[in-house]
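All the letters of the sequence shown, read from the start, carry residue numbers 1 to 289 under UniProt numbering.
To start, the structure under review is shown below, and the notes come after it.
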Amino acid sequence: MPKVSAVTVPYASYLRVYEPLAAFPEPERGHWSRYARRADRPSYQDELRRSLADLVSTPPVPVPVHESGDAFVVEVDGVLCVCPWRTRLRGWQAMGELAEQLPAPVLDAVLPPVLRRQTAADYEQWLARNPDARPWIRTSTWQVPLHWFVLVSDEERDYEPSAGGGGAAEGSPASPPVLRYRTPMVQARRRVARGLRTLRDAMDEGPLIEGLVDVGRWLEEFHPRSLVEIDYGGLVHALSAEDLDGDHSAADVAEGIEALREGDGEAAGEAYGRLVERWRAVRDLQFAN
1 MPKVSAVTVP YASYLRVYEP LAAFPEPERG HWSRYARRAD RPSYQDELRR
51 SLADLVSTPP VPVPVHESGD AFVVEVDGVL CVCPWRTRLR GWQAMGELAE
101 QLPAPVLDAV LPPVLRRQTA ADYEQWLARN PDARPWIRTS TWQVPLHWFV
151 LVSDEERDYE PSAGGGGAAE GSPASPPVLR YRTPMVQARR RVARGLRTLR
201 DAMDEGPLIE GLVDVGRWLE EFHPRSLVEI DYGGLVHALS AEDLDGDHSA
251 ADVAEGIEAL REGDGEAAGE AYGRLVERWR AVRDLQFAN
């Protein structure tokens with residue numbers, strides 16, 4: 001069984017877009033240029049800890065009062081690319097989804113109705129002033145949505161097993177495993193278009209097609225030289241090393257779509273079956289003791 005730690009909850013995966021600096025207008029471009037040179041840039045875990053700290057305060061703070069000035073930064077072929085956290089915007093959007101995820105008594109206990117109403121009103125006022133706002137990060141709890149895997153290929157998979165503790169200081173914690181995919185935006189968009197053509201020819205509209213249409217529209221809002229990343233995030237702490245090493249979901253999705261393209265329903269069904277079994281086992285963990 002994987003080791004579960006309260007430090008690493010929630011068990012969420014992330015779909016991120018890193019845009020080149022040229023995509024940002026001034027003065028934001030200058031801010032990110034200076035930010036990228038900082039040696040003390042916060043990590044994924046820092047973002048998570050800040051969010052959890054707000055939720056456990058009294059009263060809870062479901063959405064930060066001010067927008068985050070932090071981001072994830074990578075360099076691709078000498079080009080600096082930035083993925084702003086936009087924690088406040090993502091918090092507002094997540095609030096809108098809570099009613100579908102939690103029973104009403106639980107939701108009222110965690111976030112009282114009066115607090116939710118005020119938060120929703122604040123978001124409406126902000127959105128009226130910022131109608132074109134969109135996040136650079138999408139989040140999914142207890143799974144990686146299957147349509148995300150259409151964007152990437154198995155060759156772009158990057159798995160780094162957990163490194164043992166010890167290191168420079170005796171007793172230092174082990175570094176967590178990492179499982180992610182990164183692909184150029186042009187490749188991600190091309191795969192969305194091809195996948196949609198195949199799926200629409202082979203099946204009726206449903207969650208898989210709807211999800212792919214939605215993520216395709218989202219990707220169109222970014223610079224064509226951006227980088228797209230799928231990160232298993234906190235899910236790596238809910239899966240064993242063996243499960244992580246054997247997880248080739250992008251390959252299964254690609255195999256299933258290719259089988260549909262060739263009219264091989266049996267092979268497509270087998271690939272889909274592997275995916276469903278793998279991710280059902282992960283989602284079931286949220287109800288385990």
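Here a beta-carbon is modelled for each residue, glycine too, at the ideal position from N, C-alpha and C.
Predicted, not measured: the structure shown is a model, and the values here were computed from it.
> With contact counted as at least three CB pairs below 8 Å, one residue from each stretch, are the stretch 245-252 and the stretch 219-229 in contact?
Replying inline: no
> Can you tell which of Leu15, Val76, Leu111 has the C-alpha that lies nearest to the C-alpha of residue 295?
Replying inline: Nothing can be reported for residue 295, as the shown portion of the chain is limited to 1 through 289.
> With Val73 and Ala36 assumed to form a contact (beta carbons below 8 Å), what rounded beta-carbon distance in angstroms separates them?
Replying inline: 5 Å
> Roughly how many angstroms lie between the CA atoms of Arg191 and Val152, to the nearest whole one?
Replying inline: 8 Å
>> Taking the straight line between their C-alpha atoms, what separation do you get for Arg274 and Tyr232?
In response: 18 Å
> Apart from the five residues just before and just after Gly269, which ones in its own chain have a Cβ nearer than 6 Å to its Cβ?
Replying inline: none
> Buried or exposed: where does Glu210 fall if 16 or more other Cβ atoms within 10 Å of its Cβ makes it buried?
Replying inline: exposed
>> Considering Cα atoms alone, identify which of Asp204, Arg261, Cys83 is closest to Ile230.
In response: Cys83
> In chain order, which beta strand (DSSP E) runs of at least 3 residues are fully inside the stretch 219-268?
Replying inline: 227-231
> What residue from Pro62, Arg217, Arg129 has the CA that sits closest to Met185's CA?
Replying inline: Arg217
> In its own chain, which residues sit with a C-beta less than 7 Å from the C-beta of Ser140, not counting the 5 before and 5 after it?
Replying inline: Ala12, Ser13
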